[in-house]
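S.K.:
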Amino acid sequence: MLTAMPSGTLSRARRLLPSRPAGALRGRLWAQAATGFAAAMVALASGCGDRTRHPFFDRVGEAPVIFAHRGGGGLGPEATLPVLLAAHTDLHAVVEFDVHRSRDGRLVVIHDETVDRTTNGTGRVVDLDLASLQALDAGHCALPGQGDGTAAPALCREPTAAARFVFRGRGYRIPTLAEVLAALPAEAFLSIEAKGAGFEAELASALRTSGRLHRLVIGAEDDDVAARLKDRLPEAAHFHPRAAATCLALASKAAFGYSCPAYEVFASPLEGAGLRLDTAGMLSTAHRRGIAVVYWTVNDEATLERLFRLGADGVYTDYPDRARRVRDRLRGSGDAGPGRP
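Under numbering that gives the first Met the number 0, think of the first position of the sequence shown as 0, with each following residue one higher.
1) Could you tell me whether the Cβ atoms of histidine 110 and tyrosine 315 are closer together than 7 Å?
2) Contact criterion: CB-CB distance below 7 Å. Does alanine 236 meet it with respect to chain C?
3) Determine, using beta carbons only, whether glycine 289 and arginine 58 come nearer to each other than 7 Å.
4) Kindly provide the ranges of any alpha helix (DSSP H) runs that are 4 or more residues long and lie completely inside the segment 235-264, ordered along the chain.
5) Smallest Cα separation from threonine 79: which of Arg172, Ala311, Ser190, Pro240?
6) So, for valine 179: in the same chain, excluding its five sequence neighbours on each side, which residues have a beta-carbon less than 8 Å away from its beta-carbon?
7) Report yes if the C-beta distance between glycine 195 and arginine 105 is below 7 Å; otherwise report no.
8) What do you get for glycine 197, buried or exposed, if any count of 16 or more other CB atoms within 10 angstroms of its CB means buried?
9) Out of Phe188, Ser131, Thr118, Val98, point me to the one whose CA is closest to leucine 154's CA.
10) Apart from the five residues just before and just after alanine 285, which ones in its own chain have a Cβ nearer than 8 Å to its Cβ?
11) Suppose contacts are defined by Cβ-Cβ distances below 7 Å. Is alanine 236 in contact with cysteine 259 by that definition?
12) Contact between the segment 84-95 and the segment 316-323: three or more CB pairs below 8 Å?
13) Identify every residue that forms a DSSP beta bridge with serine 267.
14) For alanine 203, collect the residues of the same chain with a Cβ closer than 7 Å to its Cβ; drop the 5 residues on either side in sequence, then sort them by chain order.
15) Does the contact criterion of 3 or more C-beta pairs under 8 Å hold for the segment 136-151 versus the segment 161-176?
16) Would you check if the distance between the CB atom of arginine 241 and the CB atom of glutamate 220 is smaller than 7 Å?
Right, here's the structure in full:
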C-alpha cells in the first residue's frame, strides 16, 4: 500500500542520512536503507507480526541486561584486565569493550583511537606497536566514581593533582584481545565494537575460535565493517551501524513502514540527529522487528529507572553496580516496567 509521506519527513531524512557511501558492501546496505526514502514507499510493517529477538538476551537470563561499558570504567581503570574481569565475576554484567589494531598488527583493547585520554602517553593506537602500547600506564588518568571514571585531560596532566590518581604505577596496561579472551571465563557474555577497518577476518577468527559466538554482541559504527562482521559471524547478535541505525530511528517516527538493513540490536544514545530515541514509539518499532534496544551510556539512577520502566532491553553503563541496584529495586517493588511486547 502506498502512503503519502508525512510533511517534513523527506527533508528530515536528507538531513539525517549520510551521503551515499562508497564500496560494494556499503552500497548494498545503502540500497536497502534508501528504500525507505523513495518517492513510492511500500508499507511493510503492517501485517508482518512481531518477530523474536536474538536469543542472546534470553541466554543472559536477567532483564533488562546490564552492559558494563569499557568493563565498568566508572569503577576502575577502564578496559584493563582487572576491571573487565570484575565486570563478569563481581557484577555479573555483559563485558563491553572496543578493539583496535596496533601498528604491528596486534588486536588491542582500548576505547579511544588515541592513548591520550587514559594513559601517560600520546598518539594514535594505529601508529604505536604493541610494545609501546603496553609500556604505557593505563591507570594514569583513572578517577573512579567521578564522571565516567576517567579524568578530563587537563586534570590528568596537572602536576598538582597527581595525588588524586591512586591507580598510577600499579601495573594497569592496555591488554590484547587474546589476553582478554584468555582471562574471561567461557561463560562470560561479551559486547565488542570493532574500531577501524581491515582486521574483520582476524577478529572474527579469534572470536569463533574462542567459542563465544552465542554469548556475543558485536558490530561497528562503519556500515562496511559491520556488514563484513555479520557475514563472518552470523550466529552472533550484531548492533546497527550508522546508516542502518538512522534508517530504523526514522522508521520509528514515520507513519509508514519500510525496510532497513537487518541487525539484531539497536544500540543507541537517548537522542541523535535531532530525534528523541528513548521513546515508546522507538521501542515498539524495534520490538516489532525483533530488534532489542539497548541505550548508552547511562550512568545516573533516575535515567536508568526511567529506561527500565519504559521497557528497554538493556543499558550500557560505566557503573553497572548502579544499574543492578536500580533493577533490583524495581524487581523488589514488583514494578520492573512493561517488558517486551
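All residues carry an ideal CB built from backbone N, CA and C; glycine is no exception.
M.R.: In brief:
1) no
2) Annotation note: the requested chain C is absent from the structure, which comprises a single protein chain.
3) no
4) 241-252
5) Arg172
6) Leu80, Leu83, Phe96, Val108
7) no
8) exposed
9) Thr118
10) Leu247, Ser251, Phe265, Ala291, Val292
11) no
12) yes
13) Tyr294
14) Leu228, Arg231, Leu232
15) yes
16) yes
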